[in-house]
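Enquirer:
Numbering (this note's numbering), first residue to last: 757 to 1320.
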């Protein structure tokens, strides 16, 4: 209690002591052999000054100015006496006239031209203007002639503690990782005080926390906010509202204060492993499901957020590791199970898988908390579906000679119903692929026969589609392509490629080539064409022309006609 009383007395008397110290120099610091600036004071002070002036010798005339001071925000019924101007030329006979000019002269500051007294006519605010520069001059009252050169002096506005600290950048928002150690830096706040930082403690600030303890602390002089409690968990509480106070006068009683708020958010770290919502999942899937289709989803929940909550899924055990796959849904973080290979109810009716969810981004600081992964069991039941017939081959290739007899069997297709019930199959030809109806098929056994004659020279290939339909369910249909190749037989005579008309001059020489002839054949023998050329029977004995094989020709179907 005595210490607190001492502080209160100091807060009360300190401004008065400072004022007294700043006023005294203006009275006593100037040498008495020069002109004086007299501050406001008692008549006793003025009398003492006149006595000292009479005792001291003058060595030089002129003005010597000290700074004048006036308290800001001071107001009263009368103008405030700031100080007095005086020159040693003034014998007191009222021959001297004092003139004041400069900042605020005549409006804010008024001088008594006879006595030199300067009064402040208005209440002053140091934060608006801290000092005023004025010029004083002594002139002869009758002639207005300067008695001395003008001299410049300053009136300073002394500060009082009239401004509270302000947080101009508030309110503040900051983040700090959860689970941070005590003393971790959070943020720094700054308050400003418009009062004079040099004069007294009006602008000396001390910071403290009004709300937000025991979670955070603030350094009183630097305003750095730090964590004060260990292991703060975002999953328990994510946001804290902290109130900061800045108080001037060094934090002592009587000081002014301002507050601001700091919203502190705990950012996430990966301190929680994924956890499956259930340990066992059951799914069923039809055996005819398309490859890549999802058959079910599993979910591993993570209390963390963002990147720290991301997990990857994998199948680590089971009898269907090559049949199924699991991927991660980027939006929901679900594990999506899909089919990789065709399913067959008749072959395998169920599968058991063990899936694992593991965090992608691991924080080494929390590895001691256990593995950041979890497992679950997935049981998949394959359900029977009424499947369409299955052909023994995905495609068929048949060959037939172009002179094959009608109704002859060209080949056979086979198909069966894969279902347990095993429905009988009926075969047919898709007539859109056999518009000329050149082929038939036995509906019971799938044998393909010839319906109309073939001509390889007209069409070498015939592509038809065979349809297999279950007799118990006509909606179960399968199709297979059948390619029929027509093989060649020698059923076409050779033909000359074009008509020839040859000319021979009457002076032609024996052995001279008159014309080269060639032939074509619509058939297509395996070893290529080879033609024999001869003259017509009626021209065989004609001594004027002969025909023989052209030895220099690459193709054997070209022969020259020449004269003997």
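The beta-carbon is built from N, C-alpha and C at its ideal position, and this holds for glycine as well.
I need the DSSP call for residue 1124, collapsed to helix, strand or coil.
Expert: Secondary structure of residue 1124 (DSSP, three-state): helix.
Enquirer: Skipping 5 residues on each side, what residues in its chain have a beta carbon closer than 8 angstroms to that of residue 1049?
Expert: 1094 and 1095
Enquirer: Return the bridge partner residues of residue 1198 from the DSSP annotation.
Expert: Beta-bridge pairing links residue 1198 to no other residue.
Enquirer: Candidates 911, 886 and 973: which alpha carbon is nearest residue 840's?
Expert: The shortest C-alpha to C-alpha distance from residue 840 to any of 911, 886 and 973 is the one to 911.
Enquirer: Suppose the cutoff is 7 angstroms on Cβ atoms and the five residues either side in sequence are ignored; what does the same chain contact list for residue 1035 look like?
Expert: 1132 and 1133
Enquirer: Straight-line CA distance for residue 851 to residue 844?
Expert: 12 angstroms
Enquirer: According to the Cβ coordinates, are residue 1005 and residue 958 closer than 8 angstroms?
Expert: yes
Enquirer: Give, in chain order, every unbroken run of the beta strand (DSSP E) that is at least 3 residues long and sits entirely within the region 1194 to 1246.
Expert: 1195 to 1197, 1203 to 1206, 1217 to 1226 and 1233 to 1243
Enquirer: What would DSSP say about residue 1042, mapped onto helix, strand or coil?
Expert: strand
Enquirer: Under 8 angstroms by Cβ, that's how I've got residue 1074 and residue 1108 pegged, so tell me the actual separation to the nearest angstrom.
Expert: 5 angstroms
Enquirer: Considering only their Cβ atoms, is the gap separating residue 1113 from residue 1056 smaller than 8 angstroms?
Expert: Against a cut-off of 8 angstroms, the Cβ pair of residue 1113 and residue 1056 comes out as a contact.
Enquirer: Threshold first: 3 residues or longer. Then list the beta strand (DSSP E) segments lying entirely within the region 1057 to 1098, N to C.
Expert: List check, beta strand (DSSP E) in window: 1067 to 1074, 1080 to 1084 and 1090 to 1095.
Enquirer: DSSP beta-bridge partners for residue 908?
Expert: Bridge partners of residue 908: 891.
Enquirer: Count the other C-beta atoms from every protein chain shown that fall within 10 angstroms of the C-beta of residue 1257, then say buried if there are 16 or more, exposed otherwise.
Expert: Classification of residue 1257: exposed, given that the 10 Å Cβ count is below 16.
Enquirer: Look up residue 794 in the DSSP assignment and say whether it is helix, strand or coil.
Expert: Low confidence applies here, because residue 794 scores a pLDDT of 39, under 50, leaving its location unreliable; read the following figure in that light. It is a strand residue.
Enquirer: Quick check: what's the CA-CA separation for residue 951 versus residue 881?
Expert: The alpha-carbon atoms of residue 951 and residue 881 are separated by roughly 10 angstroms.
Enquirer: Hey, out of 830, 1016, 1137 and 1237, whose CA is closest to residue 1076's CA?
Expert: Taking only the C-alpha atoms, the option nearest residue 1076 is 1137.
Enquirer: Between residue 1174 and residue 1144, what straight-line distance do the alpha-carbon atoms span, to the nearest angstrom?
Expert: 8 angstroms
Enquirer: Can the beta-carbon of residue 983 be found less than 8 angstroms from the beta-carbon of residue 1025?
Expert: no
Enquirer: Assuming contact is defined by CB atoms lying nearer than 8 angstroms, are residue 1273 and residue 1250 in contact in what I supplied?
Expert: no
Enquirer: Between the C-alpha atoms of residue 1240 and residue 1246, what's the straight-line distance to the nearest angstrom?
Expert: 19 angstroms
Enquirer: Cα separation between residue 1208 and residue 1222?
Expert: About 18 angstroms.
Enquirer: Evaluate residue 1292 with the Cβ neighbour count: other Cβ atoms within 10 Å of its Cβ, from every protein chain shown; 16 or more gives buried, anything less gives exposed.
Expert: exposed
Enquirer: What three-state label does DSSP hand residue 902 in the structure shown?
Expert: DSSP places residue 902 in the strand class (E or B) of the three-state scheme.
Enquirer: Can you check which of these residues, 1301, 1164, 1172 and 977, is closest to residue 733 by C-alpha distance?
Expert: The structure shown has nothing for residue 733, since the chain only spans 757 to 1320.
Enquirer: What's the gap between the Cα of residue 1152 and the Cα of residue 1204?
Expert: 11 angstroms
Enquirer: Out of 887, 921 and 1059, point me to the one whose CA is closest to residue 1032's CA.
Expert: Nearest C-alpha to residue 1032: 1059.
Enquirer: Helix, strand or coil: which one does DSSP assign to residue 1005?
Expert: helix
Enquirer: Go ahead and pull the three-state DSSP assignment for residue 1174.
Expert: When DSSP states are grouped into helix, strand and coil, residue 1174 belongs to the coil group.
Enquirer: Opposite residue 962 in the DSSP bridges: which residues?
Expert: 1003
Enquirer: To the nearest angstrom, how far is the alpha carbon of residue 1262 from that of residue 1298?
Expert: Residue 1262 and residue 1298: Cα-Cα distance of roughly 17 angstroms.
Enquirer: Measuring only the C-alpha atoms, how far is residue 1120 from residue 988?
Expert: 18 angstroms
Enquirer: Would residue 1070 and residue 1111 be called neighbours here (beta carbons separated by less than 8 angstroms)?
Expert: yes
Enquirer: Quick one: measure Cβ to Cβ for residue 909 and residue 824, integer angstroms, because I've assumed they're closer than 8 angstroms.
Expert: 7 angstroms
Enquirer: In whole angstroms, what separates the C-alpha of residue 874 from that of residue 996?
Expert: 57 angstroms
Enquirer: Quick check: the Cα distance between residue 1232 and residue 1226, rounded to an integer number of angstroms?
Expert: In a straight line, the C-alpha of residue 1232 is about 6 angstroms away from that of residue 1226.
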